[in-house]
Amino acid sequence: MSAHSMLCERITIAKELIKRAESLSRSRKGGIEGGAKLCSKLKAELKFLQKVEAGKVAIKESHLQSTNLTHLRAIVESAENLEEVVSVLHVFGYTDTLGEKQTLVVDVVANGGHTWVKAIGRKAEALHNIWLGRGQYGDKSIIEQAEDFLQASHQQPVQYSNPHIIFAFYNSVSSPMA
Numbered sequence: 001m002s003a004h005s006m007l008c009e010r011i012t013i014a015k016e017l018i019k020r021a022e023s024l025s026r027s028r029k030g031g032i033e034g035g036a037k038l039c040s041k042l043k044a045e046l047k048f049l050q051k052v053e054a055g056k057v058a059i060k061e062s063h064l065q066s067t068n069l070t071h072l073r074a075i076v077e078s079a080e081n082l083e084e085v086v087s088v089l090h091v092f093g094y095t096d097t098l099g100e101k102q103t104l105v106v107d108v109v110a111n112g113g114h115t116w117v118k119a120i121g122r123k124a125e126a127l128h129n130i131w132l133g134r135g136q137y138g139d140k141s142i143i144e145q146a147e148d149f150l151q152a153s154h155q156q157p158v159q160y161s162n163p164h165i166i167f168a169f170y171n172s173v174s175s176p177m178a
């Protein structure tokens, strides 16, 4: 696929995701908390892609393959497939095992708050490299992220029970990781 056709495809995907996110935001009376934030992120991505298309920004083809769209698409698809979505991109505060205050972004809060979803749009190869310690500086492995989610969820009970945590992999995982 040429860089131009890939760019056109990404722009089409971004426009479609904006429509879906806007529809999702209106799907619940009073809206979904964080819906506007999700739409803003998608619109920013579209604006960037349109600047690239207009020749105002020069990027490599590899940058087109690793846009934020994969993660944002995973969030939209997760939210569309769950019941009682109350929030997207919700920030929870918690105290880590060392007693330090931390924040955690939960991609989708569903089932009236009883389910937290981490939508993962990265390719299996990238996840595997991070898991092996070959990621970029600051990349957390899936295990570290799961530990953070568990720690935070135990400090955010919903009707006296801890939220269920789902890690939704949209581009599969390697066999050793599974």
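In full-length UniProt numbering, the protein residues as written are 1 to 178. Beta carbons are placed, not taken as given, at the ideal position from N, Cα and C, and that holds for glycine. Here the structure is a predicted model, which is why all the values come from computation and not from measurement.
In this structure the region 111-119 lies against the region 149-169, because at least three pairs of beta carbons, one per stretch, are closer than 8 Å. As computed with DSSP, Glu83 is found in no beta bridge at all. Here Glu100 carries a coil assignment [DSSP, helix/strand/coil]. The DSSP-derived three-state label of Thr95 is strand.
Non-local C-beta neighbours of Arg10 in its own chain, meaning closer than 8 Å and more than five positions away in sequence, comprise Leu49, Leu64, Thr67 and Leu69, ordered along the chain.
Residue environment for Gly112: exposed (fewer than 16 other C-beta atoms within 10 angstroms of its C-beta). Counting along the chain, the unbroken alpha helix (DSSP H) around Ile143 starts and ends at Ile142 to His154. Its chain contains Gly93 and Thr95 as the residues whose beta carbon lies nearer than 7 Å to that of Lys101, once the 5 sequence neighbours on both sides are disregarded; these appear in chain order. With a contact defined as Cβ atoms closer than 8 Å, Ala14 and Glu45 qualify at about 5 Å. For Ile59, no beta strand (DSSP E) segment is defined, and its DSSP state is neither H nor E. The beta carbon of Gln155 is closer than 6 Å to those of Tyr94 in its chain, skipping five residues each way along the sequence.
Sixteen is the threshold: since fewer than 16 other Cβ atoms of the shown chains lie within 10 Å of the Cβ of Lys19, the residue is exposed. The residues Ile32, Gly35, Val76, Ala79 and Glu80, in chain order, have a CB closer than 7 Å to that of Leu24 in the same chain once the five nearest residues on each side in sequence are set aside. Of the candidates Asn171, Lys123, Thr115 and Arg134, the residue whose Cα lies closest to the Cα of Ala152 is Thr115. Annotation: Thr12 is outside any beta strand (DSSP E); the continuous alpha helix (DSSP H) that includes it extends over Ala3 to Arg26.
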